[in-house]
DNA sequence: TGAAATGTTGGGGCG
DNA sequence: ACGCCCCAACATTTC
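Residue numbers (our numbering): 391 to 861.
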């Protein structure tokens, strides 16, 4: 009789490289059963992230197969699925990489208690982050609420090495049955959008590592100065891979650090800083999980936010008549991502010019972004709304026209994504009309809409609302 | 990881 | 030569 197998419960860690949980499991020498569960928490994700997850799971299953292993797929409540699999395989332990958002934490806490009650080993590992959120503390022993001190603290702390991918994975005598990924229909909610968005995805571990290498070989040097220009390919584009763990944050950190030391690239430090913004978001979501659902500063719950509305719908559809805003909203709908500066601008426009609650925007991002991340999304929206920790003050209102002049000179970005502004629109601009639901009733030949609100008037209105709140 | 209003300064045209 | 005005350029303040 061989050793009892271990179950490796994969979630947002769909890679082989830089994987502490996998290495710890391998060190036991026992057969390993890689498992992915489509549970109610995962089912609840927005259309684009859920679809993109399916691509990631497929890529990871294929990668495991090249090592002679498999990825077992099961659907159901996590604890039920795990209990059933334990019964079928005689496994005595379940391992996973920790997650930190409140929904995952609640689930994982239940699962851990349930497994332990059944006499099983339940072991969680680090791996999603550079540092566990509770290990970074201020001089007073508390947590950070401001990014810059957090950055200074993190910068000097050694990051655990990125562990090499295994060359073999011990398999069980008998493979438990697996469901078929296609039957899960993870892309169902994408409707006709899936075909449009697919070409913009770079899926899986191999693609992610390759992308990192290409970035570090070139664009990282100019990152600090060029990353703000919306039309340029000056960023790493790794967010979609980091969110599913197709690449490890530690692998990215060490790569960036080496670039900083070798080339002395000023860009590399800025890049590392951006990676630490992700870390900061997880630091905050761990210490203040209400950041995902309520204003981080409670006084902002009393603000006269507008809820969802016809105006918000115009914003979602990229038909505000403000070209930088609409280009960005359409970029997200067509590519599954949005340039970082554009995220600030559409966020400012929604929360300030349209006085709409940041949650309305956060929900739409959660629906459309293939790089959707629970921590970054919540922190980003609260930052722009002014309700978060270390956030832009509410009176800091972005002017999309001024921003367009600064960060999209020549209107290359705007024309790339707005068909109505170009005599010969390209595939990305036309893709928007192909992906948009028919019920939106859009037509690229119709003239581009007039601005839904005068920018100066919107700014005035926002500042007036802010003044009233302070009165 | 703002924008706009307001304040200050200094060069140059001009009587 | 001088004071005055204008205004661009920059700095500071305010929201």
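We put the beta carbon where it would ideally sit given N, CA and C, even for glycine.
Residue i and residue j closer than 9 Å at C-beta
| i | j | result |
| --- | --- | --- |
| residue 462 | residue 424 | yes |
| residue 555 | residue 406 | yes |
| residue 807 | residue 853 | no |
| residue 399 | residue 484 | yes |
| residue 761 | residue 633 | yes |
| residue 460 | residue 451 | yes |
| residue 805 | residue 815 | yes |
| residue 498 | residue 467 | no |
| residue 518 | residue 672 | yes |
| residue 756 | residue 436 | yes |
| residue 606 | residue 635 | no |
| residue 918 | residue 677 | Only positions 391 to 861 of the chain appear in the structure, and residue 918 is not among them; the question remains open. |
For residue i, the nearest candidate out of the options (CA to CA)
| i | options | result |
| --- | --- | --- |
| residue 703 | 684, 857, 842, 799 | 842 |
| residue 655 | 613, 542, 796 | 613 |
| residue 751 | 760, 772, 761, 765 | 772 |
| residue 586 | 567, 696, 441 | 441 |
| residue 775 | 447, 490, 799, 688 | 688 |
| residue 781 | 801, 674, 652 | 674 |
| residue 763 | 450, 490, 415 | 490 |
| residue 493 | 680, 447, 827, 818 | 680 |
| residue 608 | 658, 590, 455, 570 | 658 |
| residue 552 | 644, 397, 572, 579 | 644 |
| residue 858 | 602, 838, 690, 395 | 690 |
| residue 472 | 443, 426, 448 | 426 |
| residue 787 | 682, 740, 662, 453 | 740 |
| residue 682 | 396, 765, 414 | 765 |
| residue 610 | 519, 648, 637 | 648 |
| residue 432 | 402, 620, 727, 669 | 402 |
| residue 798 | 532, 619, 546, 526 | 619 |
| residue 706 | 469, 759, 685 | 759 |
| residue 486 | 404, 664, 716, 639 | 404 |
Residue i, DSSP secondary structure in three states
| i | result |
| --- | --- |
| residue 471 | helix |
| residue 420 | coil |
| residue 746 | strand |
| residue 426 | strand |
| residue 811 | helix |
| residue 545 | helix |
| residue 707 | coil |
| residue 602 | helix |
| residue 862 | The displayed coordinates of the chain run from 391 to 861. Any statement about residue 862 would go beyond what the structure contains. |
| residue 514 | strand |
| residue 520 | coil |
Residue i beta carbon near the ligand SAH (any heavy atom closer than 8 Å)
| i | result |
| --- | --- |
| residue 645 | Ligands are entirely absent from the displayed structure, and the ligand SAH is therefore not among its contents. |
At least three beta-carbon pairs within less than 8 Å, the stretch 793–812 to the stretch 729–749: yes
What beta strand (DSSP E) runs, 3 residues minimum, are completely inside the stretch 623–693? none
Considering only residues of the stretch 561–593, which uninterrupted alpha helix (DSSP H) runs meet the minimum length of 4 residues and lie entirely inside it, listed in chain order? 571–574, 583–587
Just list the alpha helix (DSSP H) runs in the stretch 464–512, keeping only unbroken ones of 4 residues or longer that don't cross its boundaries, in chain order. 468–479, 492–507
Three or more C-beta pairs closer than 8 Å, one from the stretch 500–518 and one from the stretch 541–549: is that the case here? no
Considering only residues of the stretch 736–783, which uninterrupted beta strand (DSSP E) runs meet the minimum length of 3 residues and lie entirely inside it, listed in chain order? none
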